[in-house]
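K.L.:
First the structure, which I've put down as structure tokens, then a few questions once you've had a look.
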Amino acid sequence: MVSFEFRASSIAQHADTDLSKIDINESEVEVIGAIVFGSDQGLVGQFNEDIAQFALTTLAKLPGQPTIWTVGERVQTRLADAPTKLGSTYNLPTSVIGIAPLIGHLVAQIQQATERQENNQKGSNSPYNTSYGIYVFHNRPTSGALYEPTLQRLLPLDQQWLQSLAEIEWPNSHRPEILCPIGKAERQVNIRTRRALIREYLFISIFRACAESLASENASRLSAMQRAEKNIDELQEKLGREFNRLRQSAIDEELFDVLAGYELLAHRH
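The sequence shown: position 132 = 117 (our numbering), numbered continuously.
In structure tokens form, the structure reads like this:
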């Protein structure tokens, strides 16, 4: 997110769109939406169960009744029986190329949700109302085949992070500027610029969450396949020992029968 932070820093320092002065009242934040990344395929162990339970437990502690958008059919089925409001379900991309279109749809869902909520609250002129909360939940790889459920609050923006953006210095003397008329039109351009920056921030954040979830899924699947392979080897070894035992028992019985028959014939003679 370095490129985004430099752009936001430039806007914060050289335009009338000071991101560090966005007023965020943490006590009034109402969660209206959440994105949960899971998997479409099986053989991933507790991957979907872990993130679904983590999301439900976290959202239960937050105010509001959010709409949950799921990415992955398997996690959608885990959340279907929960007392939650499920929104659209999306299939996971099969390659990195497919991530961008998916993120575009999710960002559009967030924008529609915030605009719909603003209309219900008699409207708002601010880009992405700061009293509405949007979260993203996904599994993040840690080490090897391990992963951990994690979350990020996408909206409202973190106040400390916004302040840090205003303090970032541009790396060279060629600072970008917003070219626009002075007056009322300038304010409209600043609002559109801020909207564009927030959309880019949302896109980058969700893109990273999707990539980390896919990496965790692949690691979990690899671990599950390794465990399955180990179980197969152990079962094969167990069956081999059982086969040898039964085979030896059959041979022993045949030998005992031969010896018993020989002794019987010898006794008669």
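All C-beta atoms, glycine included, are put in the ideal place defined by N, C-alpha and C.
#1: Does DSSP put residue 100 in a helix, a strand or coil?
#2: If the criterion is Cβ atoms closer than 8 Å, does the pair residue 18 and residue 33 meet it?
#3: Output the distance between the C-alpha atoms of residue 215 and residue 207, rounded to the nearest integer angstrom.
#4: Starting from residue 125 and walking both ways along the beta strand (DSSP E), at which residues does that stretch end?
#5: Less than 8 Å between the beta carbons of residue 190 and residue 132, yes or no?
#6: Per DSSP, which one or two residues make a beta bridge with residue 132?
#7: Relative to the C-alpha of residue 128, which candidate in 204, 198 and 92 has its C-alpha closest?
#8: Whole angstroms are fine: how far does the CA of residue 95 sit from the CA of residue 16?
#9: Can you tell me the Cβ-Cβ gap for residue 88 and residue 192, rounded? I've got them flagged as a contact below 8 Å.
#10: Determine the burial state of residue 224: buried for a count of at least 16 other Cβ atoms within 10 Å of its Cβ, exposed for fewer.
#11: Bridge partners for residue 140 per DSSP, in chain order?
#12: Measuring only the C-alpha atoms, how far is residue 238 from residue 221?
#13: For the putative contact between residue 122 and residue 228, defined by C-beta atoms under 8 Å, what is the C-beta separation to the nearest angstrom?
P.N.:
This is what the structure holds:
#1: What you label residue 100 is simply residue 115 of the sequence shown in a count that begins at 1. Helix, per DSSP.
#2: Start at 1 with the first residue of the sequence shown, and residue 18 comes out as number 33. Start at 1 with the first residue of the sequence shown, and residue 33 comes out as number 48. No, the Cβ-Cβ distance between residue 18 and residue 33 is not below 8 Å.
#3: If you number the sequence shown from 1, residue 215 lands on position 230. If you number the sequence shown from 1, residue 207 lands on position 222. About 12 Å.
#4: To locate residue 125, count along the sequence shown from 1; it is residue 140. That run of the beta strand (DSSP E) goes 117 to 126.
#5: As a working note, residue 190 is residue 205 in the sequence shown. As a working note, residue 132 is residue 147 in the sequence shown. It is not a contact, given that the beta carbons lie outside the stated cut-off.
#6: Start at 1 with the first residue of the sequence shown, and residue 132 comes out as number 147. Its beta-bridge partners are 126.
#7: By 1-based counting over the sequence shown, the position of residue 128 is 143. The candidate whose alpha carbon is nearest that of residue 128 is 204.
#8: As a position in the sequence shown, residue 16 is number 31, starting the count at 1. As a position in the sequence shown, residue 95 is number 110, starting the count at 1. Whole-angstrom Cα-Cα distance: 12 Å.
#9: Residue numbering aside, residue 88 sits at position 103 when the sequence shown is read from its first letter. Residue numbering aside, residue 192 sits at position 207 when the sequence shown is read from its first letter. Between the beta-carbon of residue 88 and that of residue 192 there is about 5 Å, and that keeps the pair under the 8 Å contact cut.
#10: Working through the sequence shown from its first residue, we reach residue 224 at position 239. With fewer than 16 Cβ atoms within 10 Å of its Cβ, residue 224 is classed as exposed.
#11: Position 155 of the sequence shown, counted from the first residue, corresponds to residue 140. Note: residue 140 sits in a beta bridge opposite 119.
#12: Numbered from 1 along the sequence shown, position 253 holds the residue referred to as residue 238. Numbered from 1 along the sequence shown, position 236 holds the residue referred to as residue 221. The straight-line gap from Cα to Cα measures roughly 26 Å.
#13: Within the sequence shown, the letter at position 137 stands for residue 122. Within the sequence shown, the letter at position 243 stands for residue 228. 48 Å between Cβ atoms; not a contact.
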